[in-house]
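Below: the structure, in structure tokens.
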Amino acid sequence: MAKLYAGHHFPGWIGPVWLIEKLQAYQLGMYAAFIALSQVITGFLLLTRRFWLLGAIGLVPMLLNILLITISQQWGATSYIVGVLLLMDLALLLSEYPRLRVLWADVAYSPPTTLQAKPTLPGHLLWSLGILLVISGILVSYQALSLSYWLVAGGLLLAWLSPLADRRKTVATFLPPTPS
């Protein structure tokens, strides 16, 4: 987010925030902006319960790309940080081995039978509104920085609350029980 925010006024803890400007000289500015936006979307997927597994899968090639760049540019400790993040992501994916092995093995996956609510249209719409608020926060940062922070916080909150919209509503009835 810091690479895309106006004046880089968003907390960033990995990689140089000036990278897009630096790559403009080599006509790679659009590529760097695409990578930064992909990082935002993948991070959003990973942070929300609805699509965290998709985010974890998408994070592997992204972290490998960043790791190779940091090693080739000799950015020191950044390579170690990215390596640890990659190992953490792989550990997260290994925890979902039963769900993911259908990708390479000829086995069927049968999810555990729990009373977990299935995703619904209102939940998807709430999640989609959340990611739109986060992306619009980037665009708004060039005009109103404090409003952009609120948009990002609101977008994350909506996405985190989207599973609540998936819960089925039950209506209490006041009819006496039928005799059996």
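Here our numbering is used: the first residue of the sequence shown is 21, the next is one more, and so on.
Where is the CB? At the ideal position from N, CA and C, for every residue including glycine.
As the structure is a prediction and not an experimental result, all values here were calculated from the model.
Would you please state the rounded distance, in angstroms, between the beta carbons of residue i and residue j? I believe it to be under 8 Å.
{"i": "L165", "j": "H29", "result": "6 Å"}
{"i": "L24", "j": "A56", "result": "5 Å"}
{"i": "P139", "j": "D186", "result": "6 Å"}
Given that a residue counts as buried once 16 or more other Cβ atoms are within 10 Å of its Cβ, and exposed if not, what is residue i?
{"i": "F211", "result": "One cannot answer for residue 211 here, as it falls past the ends of the chain, which runs 21 to 200."}
{"i": "Q59", "result": "buried"}
{"i": "D126", "result": "exposed"}
{"i": "T190", "result": "Residue confidence is low: T190 scores 45 on pLDDT, short of 50, so the model does not pin down where it sits. Its coordinate-derived value is still stated next. That one is exposed."}
{"i": "M21", "result": "buried"}
{"i": "V104", "result": "exposed"}
{"i": "T193", "result": "Since pLDDT at T193 reaches only 48, below the 50 mark, its modelled position is unreliable, and no value is offered."}
{"i": "S115", "result": "exposed"}
{"i": "A10", "result": "The chain is shown from 21 up to 200; residue 10 falls before or after that span and cannot be answered."}
{"i": "I216", "result": "Limits of the chain in this structure are 21 at one end and 200 at the other, which puts residue 216 out of reach."}
{"i": "R70", "result": "buried"}
{"i": "L74", "result": "exposed"}
{"i": "L153", "result": "buried"}
{"i": "G10", "result": "Beyond the ends of the chain as shown, which are 21 and 200, falls residue 10; an answer cannot be given."}
{"i": "V102", "result": "buried"}
{"i": "G32", "result": "exposed"}
Taking the Cβ atom as the reference point for each residue, do residue i and residue j lie within a distance shorter than 8 Å?
{"i": "G150", "j": "A179", "result": "yes"}
{"i": "L39", "j": "A26", "result": "no"}
{"i": "S99", "j": "L87", "result": "yes"}
{"i": "L146", "j": "S182", "result": "yes"}
{"i": "V160", "j": "L171", "result": "yes"}
The region 104 to 119 in contact with the region 75 to 84 per 3-pair CB rule at 8 Å
As far as the Cβ criterion goes, the region 104 to 119 touches the region 75 to 84, which means the pair count is three or higher.
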